[in-house]
Each structure stands twice: as structure tokens, then as C-alpha cells.
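Each remark here refers to the structure printed beneath this line.
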Amino acid sequence: MIEGKLVRLRALRAEDLDHHVRWRNDPEVVHWATGGDPLFGPVSREAVAGFHEARLRDNPRSETTFTVEELADGRAIGMADYRDLDPFTGQATVGITIGERDRWGGGYGSEALELLVGHLFGACRLRRVELETWSGNERAMRAFRRIGFIEEGRRRAAVRVGEAWYDSVLFGILHEEWTERRATDGVRACPADHGGVAGAWHALPQRGAGPRPRTPVLSARPAPAARSASDAAAPPAPAADRRRTP
Ligand SMILES: CC(C)(COP(=O)(O)OP(=O)(O)OC[C@H]1O[C@@H](n2cnc3c(N)ncnc32)[C@H](O)[C@@H]1OP(=O)(O)O)[C@@H](O)C(=O)NCCC(=O)NCCS
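The opening residue of the sequence shown carries number 34 in the numbering used here; numbering runs sequentially from there.
Given below as C-alpha cells:
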């Protein structure tokens with residue numbers, strides 16, 4: 034459990050499937066998460082269940098999906114995940130979706146992402162964290178910048194929303210930037226910086242040893258590449274905040 038002031042990140046549970054089906058079929062959530070990809074939904078409960086089931090068995094040494102829970106009442110309001118964790122280079126890709134629309138703009142998403150990144154830099158000792166969104170998602174970009182992510186590049190006109198084209202925007206942050214920013218802001222650099230169980234890179238599996246990269250339940254665009262057997266039953270998965278399989 035990773036706790037902030039507004040939210041906590043807790044382990045994914047079987048009962049989270051209900052929220053995921055709802056969020057995954059909410060056109061507005063899907064619009065922002067995927068850039069309005071018309072091929073993304075609607076999606077059956079069975080299809081989401083297959084994907085969810087696979088996420089419950091994720092190996093946290095390479096990927097994990099957390100549920101974002103509101104501290105005030107324990108309500109599940111979204112999900113945050115990391116994937117493609119590479120222990121050699123010390124980097125991972127993250128994703129964030131606040132699925133409850135009435136919680137948008139309240140600082141919940143920024144804090145959830147901050148907790149996740151703090152966990153990766155702290156407990157997991159990563160060097161670099163990255164994520165991606167589309168240039169029309171001003172709120173997401175502001176949330177990323179607020180935490181200290183730096184825009185690193187754009188794939189121009191890579192996202193189509195109706196008859197308009199947007200850029201896919203890659204953001205990254207290095208451990209030293211994170212630490213320096215938190216020192217300057219007087220914020221804890223790494224909420225989970227306890228060097229505990231997952232504290233050493235060398236304890237992590239080597240490249241290719243873990244489960245293959247996959248797409249989160251709700252982050253953005255369908256994965257063009259082949260997916261694992263467990264993912265094959267999943268809905269065309271989104272991931273605007275992914276670099277390798279946007
Ligand atoms: C993107 C998301 C994670 C942001 O989390 P959030 O809790 O809603 O946002 P926050 O309240 O933390 O605000 C983040 C920033 O956006 C700004 N913001 C809030 N609402 C906004 C809006 N409608 N338009 C533009 N900016 C907005 C805030 O002022 C803040 O910027 P600041 O720190 O410079 O003041 C969340 O809205 C979400 O999951 N949306 C749906 C799916 C999605 O877009 N996913 C991103 C996939 S890459």
C-alpha cells in the first residue's frame with residue numbers, strides 16, 4: 034500500500050473488474066485515454082475479464098497495475114500501472130487513468146502518478162520513468178509536468194481524433210531530476226525509498242526473462258504488435274501513455 038494525502042495505491046483485486054468494465058466503456062474516459070479511438074469500444078465484460086485476470090497475475094518485477102483508492106472513503110477511482118521494467122537500464126513505462134469523472138481535476142491523478150513514480154525511484158531504484166499521451170490531452174500533460182516530467186519528443190500527427198490529428202507526446206523523468214525537484218519543493222523524494230524487498234536492480238530479472246510487455250487496461254491506444262496468449266482474449270487494449278506499443 035502506497036499512501037499519499039488524497040489517494041493510496043493498493044494491489045489490484047478480483048472485484049476491481051466491475052470498475053474496469055465501467056471505465057473501459059465510458060466514452061469520455063476512453064476519449065481522453067485513447068485519443069478517441071473508435072475501435073476501442075464498447076467492450077464486453079468477458080473481454081475485459083480476460084485482461085483483468087492476466088493483470089492479477091502480473092510479476093511486479095516487470096509490471097504491475099495498482100488500484101487508485103480515495104483515502105477519504107476507500108472508493109476505487111482509477112488505476113495506475115508500470116510495465117516494461119528493464120532492470121539493466123533501470124527504466125519503466127507508467128500509465129494513469131482516473132476512471133471516475135467526478136474526480137477529474139481534483140489533484141487525484143497527479144498524486145497517484147507521483148506515488149507511483151516515487152515507488153519506482155525509491156523501492157525499485159529505477160533511473161528513468163517515462164509515459165506518453167496525446168497533444169490534445171492538456172490535463173494529462175499538465176499533470177505530468179506538475180510532477181516534474183519533461184517533454185522529450187513527439188511523434189507528429191500520430192493520433193487521430195475525428196478529422197483532426199494530434200501528436201503523440203513522450204515525457205520522461207530521471208531519478209536525479211525527481212530527487213532535486215523534491216528537495217527544492219521540500220517534498221519527499223521517494224515515498225517508498227526503503228531499499229526493501231524490491232530495492233536492488235540486480236535482484237530483478239534480466240531482459241526478456243519476465244512476462245512480455247503488454248498493454249494496460251485503460252491507458253490509450255491499441256497495441257499493433259502481437260500480444261501474449263493471456264492478452265489475446267483481451268479487448269484491443271489502449272495505451273496513449275506507452276512508447277513501444279502506443
Ligand atoms: C489525466 C488525469 C490522470 C489527470 O488527473 P486529474 O486528477 O484529473 O488532474 P489534476 O487535478 O491532478 O490536475 C492536473 C493538471 O491539469 C489541470 N487541469 C485540470 N482540469 C483541466 C482541464 N479540464 N483542462 C486542462 N487542464 C486541466 C490542473 O489545473 C493541473 O494543472 P496545474 O498543476 O498546472 O494547475 C485524469 O484526468 C484522467 O485519468 N483522465 C482520463 C484519462 C486520461 O486522460 N488519461 C491519461 C492517459 S495518458
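C-beta atoms are modelled at their ideal positions from N, C-alpha and C, and glycine is treated no differently. Keep in mind that this is a model prediction, so the values were computed, not measured.
Could you tell me which residues DSSP puts in a beta bridge with residue i?
i	result
Met174	The partner list for Met174 (beta bridge, DSSP) is empty, contrary to what the question assumes.
Val153	The question names Val, but residue 153 is Leu in the sequence shown. Leu153 is not bridged to any residue.
Asn34	Note that residue 34 is Met in the sequence shown here, rather than Asn. In DSSP, Met34 forms no bridge with anything.
Val101	Leu42, Gly111
Arg90	Paired residues: none, contrary to the question.
Thr166	Val202
Ala197	Val194
Val119	One point to set straight first is that residue 119 is Asp, not Val, in the sequence displayed. In DSSP, Asp119 forms a bridge with Gln124.
Arg161	Gln124, Leu207
Please say whether residue j and residue i have beta carbons closer to each other than 8 Å?
i	j	result
His52	Ala145	no
Leu89	Arg161	no
Arg214	Asp200	no
Val194	Gly83	no
Val40	Tyr141	yes
Val101	Gly111	yes
Gly159	Gly123	This sequence places Leu at residue 159; Gly is not what is there. The answer is yes: Cβ separation under 8 Å.
Val62	Thr130	yes
Gly74	Arg57	yes
Leu42	Val81	no
Trp211	Phe154	yes
Asp117	Ala105	no
Arg172	Gly139	no
Can you tell me where the beta strand (DSSP E) holding residue i begins and where it ends?
i	result
Arg193	183-194
Thr126	124-131
Taking the beta carbon of residue i as the centre, do at least 16 other beta carbons fall within 10 Å, making it buried, or is it exposed?
i	result
Ile183	exposed
Gly107	exposed
Phe99	buried
Glu209	exposed
Asp135	exposed
Ala113	buried
Pro268	At Pro268, the pLDDT of 37 sits below 50, so the modelled position is not reliable; the number obtained from the coordinates is stated separately. Counting Cβ neighbours within 10 Å, Pro268 comes out buried, since at least 16 surround it.
Ser77	exposed
Asn92	exposed
Phe204	buried
Glu96	buried
Arg178	exposed
Met34	exposed
Ala44	exposed
Trp147	The amino acid occupying residue 147 in the given sequence is Glu; Trp does not appear at that position. Classification of Glu147: buried, given that the 10 Å Cβ count is 16 or more.
Thr67	buried
Would residue i pass as an interface residue toward chain B - the criterion being a Cβ-Cβ separation below 8 Å?
i	result
Asp117	Chain labels in this structure do not include chain B; a single protein chain is all it has.
Tell me which residue opens and which closes the alpha helix (DSSP H) that residue i is part of.
i	result
Arg55	50-57
Asp106	That residue, Asp106, is in no alpha helix (DSSP H); it is neither H nor E in DSSP.
Ala66	60-67
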